[in-house]
Structure formats: structure tokens, C-alpha cells
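Quick mapping for you: the protein sequence lines, in order, are chains A and B. Read in this note's numbering, the first sequence has 40 at position 40, and its numbers run on one by one without any break. Read in this note's numbering, the second sequence has 301 at position 301, and its numbers run on one by one without any break. Note that beta-carbon positions come from the ideal geometry of N, C-alpha and C, so glycine has one too. Read through the structure below, which is laid out as C-alpha cells, and then see the notes.
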Amino acid sequence: MTAETATVIVDAPIAVRDRSIARELGLFARRNPLSVAAGLVGLAIILVAVFAPWIAPRDPLKANFARMNKPPDAQALFGTDQVGRDTLSRVIYGARTSLFVAFSAVLLGTTTGSLWGVACGYLGGRFDLVSQRVMEVLQAFPDLILAMAISMAIGTGLPAVIVAIAVTRVPFGGRVIRSVALSVREMAYVEAGRASGASALRIMTLHVLPQCVAPYLVLATTHLGVAIVIEAALGFLGVGVPPPTPTWGNMLADAITSLIPSWWLVLFPGLAITITVLAFNLLGDGIRDTLDPRLSPAFLRLVTGAGRARPSSS
Amino acid sequence: MRKYLARRAIFALGTLLGVSMIIFVVLRVLPGDPLVAILGVEGHARMQPADRVRIMADLGLSDPLPVQYVHWLGDIASGQLGKSFFRGDTVRDLILHRGPLSAEIALLALIVSWLVGLPAGIASAVRPNGWLDAVARVVSIVFIAVPGFWLGLLIVLALLFWFGYKAPIIIVHVWENPWQNLQQVIGPAIVLGLAQGAYISRMSRSCLLEVIREDYVRTARAKGANEKAIVLRHALPNAILPVITISGVLLGFVLGGSVAVEQAFGVPGLGRALVTAIIERDIIVVQNLVLLYAAIFVLVNVLVDLSYAWLDPRIRY
Chain A
1 MTAETATVIV DAPIAVRDRS IARELGLFAR RNPLSVAAGL VGLAIILVAV
51 FAPWIAPRDP LKANFARMNK PPDAQALFGT DQVGRDTLSR VIYGARTSLF
101 VAFSAVLLGT TTGSLWGVAC GYLGGRFDLV SQRVMEVLQA FPDLILAMAI
151 SMAIGTGLPA VIVAIAVTRV PFGGRVIRSV ALSVREMAYV EAGRASGASA
201 LRIMTLHVLP QCVAPYLVLA TTHLGVAIVI EAALGFLGVG VPPPTPTWGN
251 MLADAITSLI PSWWLVLFPG LAITITVLAF NLLGDGIRDT LDPRLSPAFL
301 RLVTGAGRAR PSSS
Chain B
1 MRKYLARRAI FALGTLLGVS MIIFVVLRVL PGDPLVAILG VEGHARMQPA
51 DRVRIMADLG LSDPLPVQYV HWLGDIASGQ LGKSFFRGDT VRDLILHRGP
101 LSAEIALLAL IVSWLVGLPA GIASAVRPNG WLDAVARVVS IVFIAVPGFW
151 LGLLIVLALL FWFGYKAPII IVHVWENPWQ NLQQVIGPAI VLGLAQGAYI
201 SRMSRSCLLE VIREDYVRTA RAKGANEKAI VLRHALPNAI LPVITISGVL
251 LGFVLGGSVA VEQAFGVPGL GRALVTAIIE RDIIVVQNLV LLYAAIFVLV
301 NVLVDLSYAW LDPRIRY
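If you want it as C-alpha cells, here you go:
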């Protein structure tokens with residue numbers, strides 16, 4: 001090792017310790033203004049979903065036969081549907097269901113896949129071989145089609161839709177995190193752990209897992225967008241969360257039941273899907289760009305616990 | 001090469017066997033009585049036990065599960081693929097009748113995606129951070145986020161609203177009436193193609209940017225080759241392989257997406273048949289169609305791998 005690199009390694013942790021988390025975030029914001037804006041939009045949508053009962057102007061399920069199929073006006077900003085329900089309120093409540101399903105599915109599916117991937121990458125051997133075949137089989141299905149079949153089999157309902165989407169996320173988490181775990185297991189500090197007699201489980205949870213947090217975050221953010229689209233498609237095809245629960249997909253399905261669909265019933269739910277997916281995708285892109293070690297190691301250290309468990313400590 | 005081909009084929013068959021097992025487990029072992037769907041809730045409640053036994057036996061659902069599974073594999077091998085619960089025809093007839101429309105859509109979408117995506121990617125890479133690059137990147141980010149079925153709905157609605165136009169709703173095959181057939185498939189193909197094109201332009205941009213930095217490209221520049229020749233003849237062939245891969249992966253997205261997009265455009269293709277079968281709980285149709293979609297996806301990815309060996313002389317198996 002040359003003297004030059006040695007100095008860098010010695011200096012780096014000191015420089016990191018000086019930086020507060022606020023400064024790291026500030027740096028992230030300056031480098032990725034677009035993804036910060038996207039993150040704020042995402043946050044706003046999440047807040048709207050959480051506080052839907054206080055924000056929505058009307059009851060999303062209450063029909064009003066005096067005002068059926070009205071275009072947007074001062075009373076109903078997004079118009080009303082075939083039975084007089086307020087579209088704006090339904091879009092707001094739709095955010096609730098759609099985001100809840102997407103977050104749960106990613107939390108369940110991507111996390112399961114990632115933990116599985118850590119085990120595959122670290123343990124290797126026959127367990128890895130068999131697991132890889134299973135993931136290959138799961139990846140052989142087009143996402144939406146697998147989700148449709150599963151949600152049909154276990155009955156349509158909120159939990160069924162969540163499980164169906166989660167299963168399609170598992171192999172992606174598994175693949176990516178496995179490759180991270182594979183490279184981490186060769187690191188000197190992991191070997192040191194093995195040499196000092198730590199159990200496989202201990203090494204995996206304490207030494208390998210923290211290194212997988214950053215790629216997991218990127219993966220999860222990207223998968224959120226995918227999960228939202230799958231949920232909407234399931235709802236649109238009539239195999240998602242059953243009506244009358246408003247979800248963006250269900251609203252689109254409702255809209256096309258009439259012979260000549262009203263434009264406001266199609267436009268607004270779709271816009272909601274697009275904006276939400278766009279926000280999460282841009283946020284994911286920004287995090288990935290930042291986590292690329294050539295661009296900025298700062299955020300990587302931030303999310304993995306500043307300065308701790310550095311892979312190249314010599 | 002032949003050995004590689006054989007190994008790849010066996011691998012793919014193994015994957016498909018696994019796929020068929022998962023489909024079978026998901027559709028047969030999990031709860032839910034198919035007779036509820038066939039007879040309706042009331043009919044199901046009024047059914048005598050003897051009737052139930054007879055109907056289940058008729059449908060081939062009363063055998064032990066492993067036997068049913070082997071029967072299914074037999075049906076696949078014979079090419080008949082079993083019968084729909086509700087309609088007299090076999091699933092093979094269904095696929096032959098509806099499949100061509102969906103295949104046309106997928107193929108056209110693939111063509112559209114390359115026609116749009118590749119030039120956009122090249123234009124972006126030639127002047128990175130120029131205005132054309134900015135436009136191409138924004139457009140591709142937006143098209144990746146827009147759900148195809150919603151875009152489809154908007155197009156259908158706009159055509160209906162401004163021109164009073166609606167595409168034919170019954171199946172018109174290309175050999176019967178090419179013009180009407182085109183009207184049926186062009187909408188879904190463009191919507192699906194643009195979404196894929198967005199990924200293709202992103203991928204070809206980043207691959208080209210990487211290749212353009214290489215020494216041999218600089219040499220070509222130093223020798224005074226014109227920019228067009230450098231990009232198209234020297235850089236592009238080396239940048240194209242990952243783009244082909246992603247195009248294969250995207251097919252899974254198209255196959256899945258086409259189900260929803262067909263619904264949006266009201267195209268009576270295979271995707272519509274699958275949705276109908278799922279809503280009717282027509283298990284035999286569902287299991288075969290899902291397997292078909294997975295098989296196509298696996299096959300395309302094998303072809304992509306093979307095209308690597310064919311296009312890149314450095315790769316020899």
C-alpha cells in the first residue's frame with residue numbers, strides 16, 4: 001500500500017466525524033435538487049394519505065344522487081362520479097389505500113427478499129444454489145401476471161393484494177442484496193469475525209446486514225413506484241382491493257363502466273398515480289446517484305451509520 | 001456452441017417446470033372452491049354431495065393433486081391444454097384465436113421502442129447535457145412513470161371525444177382485414193412501445209457514453225473520421241449488447257403491461273382472456289395462460305443470451 005492511500009484512509013474517518021447529519025443532508029440537497037424536490041412531493045402525498053379524513057372535503061363513499069356525473073366546478077373541484085361521489089375526496093382517500101398497499105408490499109417483499117439474499121450470499125453452497133433456482137422461477141413470471149394469479153387464489157382483499165405484490169418483489173431484493181453480501185463476505189473484517197469464532201448468524205446480522213442497508217434503501221424506493229403501478233393495474237382489472245374502497249386503480253375501473261367515460265374520472269386518478277410514481281422514482285434515482293461511491297461516499301456513510309463498519313478499514 | 005445451447009435449453013425447461021409447479025400450487029392448493037364460481041353462491045349451496053362428486057370428476061378436479069398435476073403436464077405435451085369450465089373450446093383454441101392479436105401488439109411495441117428509444121439515446125449521448133439530452137431524459141423519466149393503461153384510456157377517450165372514433169371491438173385478424181386489424185393493435189403497441197423506448201433510450205445513452213470514452217474511439221477521432229461514422233460504426237456496435245439485454249427483460253414488463261393495456265383499449269386479445277378467466281375463476285384457462293406468458297418470457301431471455309454469442313465475437317461458449 002502506498003503512503004498516499006494510507007493517509008487518505010487515516011484522514012477520512014476524522015473528516016466524517018466532523019460532519020453532522022444535517023450537513024450531510026445539506027450536501028445531498030445541493031447535489032440533487034431534483035430528487036429533494038421529488039422527496040418533498042412524496043412526503044406531501046404521504047401526509048395527504050395519513051390525514052385524509054381531515055383534508056378530504058367530503059365522504060368518499062357517500063353517493064349524492066342530486067349531483068351525478070358533474071364536471072369539475074366550485075363545489076367539487078375534480079367533479080363527481082356516476083353516483084355523485086366526490087372525485088377529489090376519492091383521490092385523497094385513494095392515496096391512503098394505494099400507499100398503504102405499496103408500502104406494506106415493499107416492506108414485506110423487498111425485506112424478505114433482501115434477508116434471503118444476505119443468507120444466500122453469506123452462506124453460499126447448496127442453500128444458495130437452490131435459492132437461486134427458486135428466485136429464477138419467480139422472476140420467470142411477468143410481475144403483473146403473477147400478482148393477478150396470487151391475488152385470485154387467496155381471495156381479493158387488502159391482505160391478498162399486499163401478499164400478491166410482495167411475492168413479485170422478493171426475487172429482485174434477493175438478487176441485488178445477494179451480490180452485495182457476496183462481496184462483503186470477502187472483506188477482512190468479516191474474516192476477522194469468523195476467525196474469532198463468531199457464529200454465522202452473528203456475522204450476518206452485525207457485520208453483513210449493515211452494509212446492505214444502503215442498496216436496500218435504493219431498491220425499496222424504486223420498488224415503491226413499481227408496487228403502486230401494480231396495485232393500480234390490479235384495481236383497474238378488477239382483481240385488486242375490492243370496491244367500494246377507493247383506490248386509484250378502482251376509480252379508473254369505475255370510470256370506464258359507462259359508455260362514454262367522463263374525462264375527469266379518468267384524468268385525476270391517473271395523474272395521482274403518475275405524480276406519485278414519478279416522485280418515488282426520482283427520489284430513488286437521486287439516492288442511487290449519491291450512493292455511487294465515485295460520486296459521494298458521504299451519504300452512504302450517513303445511511304449506514306456515519307463512520308461505523310467501514311469496509312476498507314485496514 | 002451446440003453444447004451451450006443444449007445446456008441453456010435444459011435450464012430453461014427446468015425453470016418452466018418450476019413455474020408450472022408454482023402455478024399449480026397457487027391455483028389448486030390454496031383455498032377457494034372453483035364450483036362456487038361455476039354455479040354461483042346459491043347454486044353452490046343447493047348442490048347435492050352426489051352432484052358435487054360428479055361435477056368435480058367431470059372437471060378432473062377430484063383426482064389426487066399429484067395425479068392432477070401429471071394430467072396437466074400430459075395436456076401440455078399433447079398440445080390441447082385442457083378445457084375451459086364455461087366454454088366448450090380447449091385452451092389451445094382460445095390461444096390460437098386470441099393470441100395473434102397480442103403477439104402483433106408485442107412485436108409492434110418492440111419495433112416502436114427501438115425506433116423511438118435508440119435514436120433518442122444516440123442523440124442524448126452525442127451531446128450530453130445539451131438541450132436535446134435534457135428533453136430526452138425528462139421525457140423518458142415521465143414515460144417510465146406513466147402507467148400504460150392510463151395513457152391508453154386517455155388516448156381512447158381523446159379519440160372518442162374529438163373524432164367520435166372507436167377501434168373495432170371484435171377480433172379482426174391481420175389476414176382478414178389488415179386495415180381494421182392495424183386500428184386494433186396500433187394503440188396498445190404505441191403505448192407499450194413508448195414505455196419500453198424510455199428505458200431503451202436511457203440504457204443506450206449510458207452505454208454509448210461509456211464506449212465513447214474509450215481509446216479506440218479517440219483514435220478514430222484522431223484519424224479524422226467524421227462524427228457520424230464514429231458514433232454509428234465504431235461506438236454503437238459495442239454499446240448495443242446491454243440494450244438488447246434490457247429489451248429482453250422489458251418483454252416481461254410488456255407481457256404483464258399488455259394485459260392492462262389491452263383492457264384499456266378494449267382489444268380482445270389474450271390478456272383480456274386471462275383477465276376474464278381470473279374473474280370467472282376458470283382455473284384451467286388461468287393455469288395454461290399464465291404458463292404461456294412465463295414460457296414466452298423465458299424463451300425470449302434464452303434468445304437474448306444466444307444473440308450475445310452471435311453478436312459478440314469475444315463470447316464463445
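Item                                                                                                                                    : Value
Between the CA atoms of Val-135(B) and Gly-117(B) - distance to the nearest angstrom                                                    : 13 angstroms
Ile-10(B) beta carbon near the ligand NAP (any heavy atom closer than 8 angstroms)                                                      : The ligand content of the structure shown is nil, which means the ligand NAP is not present either.
Asn-281(A) at chain B interface by Cβ criterion, 9 angstroms                                                                            : yes
Given Ala-105(A) as reference, the closest of Leu-219(A), Val-83(A), Pro-246(A) once Cα atoms are compared                              : Leu-219(A)
Boundaries (first-last residue) of the alpha helix (DSSP H) holding Ile-207(A)                                                          : Sequence inspection shows His at residue 207(A); the Ile mentioned does not correspond to that position. Counting along the chain, His-207(A) falls outside any alpha helix (DSSP H), and DSSP gives it neither H nor E.
Endpoints, the alpha helix (DSSP H) within which Trp-179(B) is located                                                                  : 178 to 212
Any chain B beta carbon closer than 9 angstroms to Arg-133(A)                                                                           : yes
Close beta carbons around Val-185(B), own chain, < 8 angstroms, minus the five adjacent residues each side                              : Leu-101, Glu-104, Ile-105, Leu-108, Val-267
Per-residue burial, Asp-86(A) [other beta carbons within 10 Å of its own, 16 or more giving buried]                                     : buried
Of the listed residues Ser-98(A), Lys-70(A), Thr-112(A), Ala-140(A), nearest to Leu-291(B) (C-alpha basis)                              : Ala-140(A)
Any 3 or more C-beta pairs closer than 8 angstroms across the segment 205 to 215 of chain B and the segment 122 to 130 of chain B       : yes
Cutoff 9 angstroms: Ala-153(A) Cβ touching any chain B Cβ                                                                               : yes
Distance between Ile-273(A) and Ser-201(B) (C-alpha atoms, nearest Å)                                                                   : 23 angstroms
Contact set between Gly-225(A) and chain B, taken where Cβ atoms lie within less than 8 angstroms                                       : Ala-145
Spatially closest choice to Gly-248(B) from Leu-299(B), Val-285(B), Leu-274(B), Gly-269(B), by CA coordinates                           : Leu-299(B)
Exposure of Asp-205(A), with buried meaning 16 or more beta-carbon neighbours within 10 Å                                               : Sequence check: residue 205(A) is Thr here, not Asp. Under this definition Thr-205(A) is an exposed residue.
Helix, strand or coil at Lys-3(B) according to DSSP, with G and I counted as helix                                                      : helix
Candidates Ser-151(A), Leu-27(A), Gly-173(A), Asp-81(A), of which the one nearest Ile-260(A) by Cα                                      : Asp-81(A)
Within-9 angstroms CB hit, Ile-260(A) to chain B                                                                                        : yes
The segment 230 to 239 of chain A touching the segment 145 to 160 of chain A, judged by at least three CB pairs closer than 8 angstroms : yes
Opening and closing residue of the alpha helix (DSSP H) in which Phe-141(A) lies                                                        : From DSSP, Phe-141(A) is part of no alpha helix (DSSP H); its letter is neither H nor E.
Residue from Pro-246(A), Ile-287(A), Ala-181(A) whose Cα sits closest to the Cα of Arg-96(A)                                            : Pro-246(A)
Chain B within 9 angstroms of Val-277(A), Cβ atoms only                                                                                 : yes
Ile-228(A) vs Thr-168(A) beta-carbon contact at 9 angstroms                                                                             : no
Proximity to Asn-69(A) [Cα-Cα], best of Thr-222(A), Pro-171(A), Ala-102(A), Ser-258(A)                                                  : Ser-258(A)
Distance CB(Ala-318(B))-CB(Ser-140(B)) smaller than 9 angstroms                                                                         : Here chain B covers residues 1 to 317 and nothing more, so residue 318(B) does not appear.
Same chain, Cβ closer than 7 angstroms to Val-304(B), neighbours up to 5 away in sequence not counted                                   : Ile-244, Thr-245, Gly-248
Assigned exposure category for Pro-293(A) - 16 Cβ within 10 Å defines buried                                                            : At Pro-293(A) the pLDDT is 44, less than 50, meaning the model places this residue with poor confidence; the figure from the coordinates comes in the next sentence. Looking at its Cβ environment, which holds fewer than 16 other Cβ atoms inside 10 Å, Pro-293(A) is exposed.
Sequence-distant residues of the same chain with beta carbon closer than 7 angstroms to Val-161(A), five excluded per side              : Val-101, Ser-151, Glu-231, Leu-234, Gly-240, Val-241
Buried/exposed call for Val-25(B), threshold 16 Cβ in 10 Å                                                                              : exposed
Euclidean distance between Cα positions of Val-170(A) and Pro-142(A)                                                                    : 13 angstroms
Chain-ordered neighbours of Leu-153(B) on chain A, where CB pairs are closer than 8 angstroms                                           : Leu-252, Ala-255, Ile-256, Pro-261, Val-266, Gly-270
Short CB-CB distance (under 9 angstroms) between Leu-146(A) and chain B                                                                 : yes
Cβ-Cβ distance between Ile-22(B) and Leu-138(A) below 9 angstroms                                                                       : yes
Status (buried if at least 16 other CB within 10 Å, exposed otherwise) for Arg-178(A)                                                   : buried
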